[in-house]
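Report on one structure; see the data block that follows.
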Amino acid sequence: MNIKNNKNDFNFWRKLINAWSFFFFAVIIIDFIYTNAFKEILNAIATIYISILAIYVSNKEFERWYDQHEDGHPGEIFVIIWSVLVGVLFILDIVYGKTYELPGAIVSTYIAVLTILVITRKSKELYKLKRSNTK
-17 MNIKNNKNDF NFWRKLINAW SFFFFAVIII DFIYTNAFKE ILNAIATIYI SILAIYVSNK
43 EFERWYDQHE DGHPGEIFVI IWSVLVGVLF ILDIVYGKTY ELPGAIVSTY IAVLTILVIT
103 RKSKELYKLK RSNTK
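Read in order, the letters of the sequence shown are residues -17 to 117 in the numbering used here.
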């Protein structure tokens, strides 16, 4: 596969994860508004989301290690968005008490997002170390 096809493949996964992120965040907010009405569907969405995120990040890391990736979309942005969303939901969970319950799928997804970020940061660090040692 040539570099142009790799880049198209990468763009496909980036667009897909962005679309699923937007959709997931929207369902999370709607679930809060309708007091856990979509709690069950969040489990399915979370599973799909984490799978697509893992594929996207893996693709990105392979491109980095094969010198075909340019940094431009830091994963920290996703983690910041997730952190704000989960933090707000924790506060709302406390404020609304028994009316709203923070779904476990959201907490699990947040933990997966944090884990993926840590792994990719370590990979990036090792890549830079390897590159500096070969120069």
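Even for Gly, the Cβ is constructed at its ideal location relative to N, Cα and C.
In the three-state reduction of the DSSP assignment, THR91 falls in the helix class. By the Cβ neighbour-count rule, TYR38 is buried, with 16 or more other Cβ atoms within 10 Å of its own. For GLY69, the uninterrupted alpha helix (DSSP H) run begins and ends at 58 to 78, by DSSP. With a beta-carbon spacing of about 16 angstroms, TRP64 and ILE30 fall beyond the 8 angstroms limit used to define contacts. Nearest to ARG103 by alpha-carbon distance, out of PHE5, GLY57, SER33, ASN(-7), is GLY57. If you draw a 10 Å sphere on the C-beta of LYS110, you find fewer than 16 other C-beta atoms in it, and that means exposed. Rounded to the nearest whole angstrom, the C-alpha separation of PHE44 and VAL77 is 44 angstroms. In the structure shown, PHE4 falls within a helical segment according to DSSP collapsed to helix, strand and coil. DSSP places TYR38 within a helical segment (H, G or I) once states are collapsed to three.
Under the three-state reduction of DSSP, LEU108 is assigned to helix.
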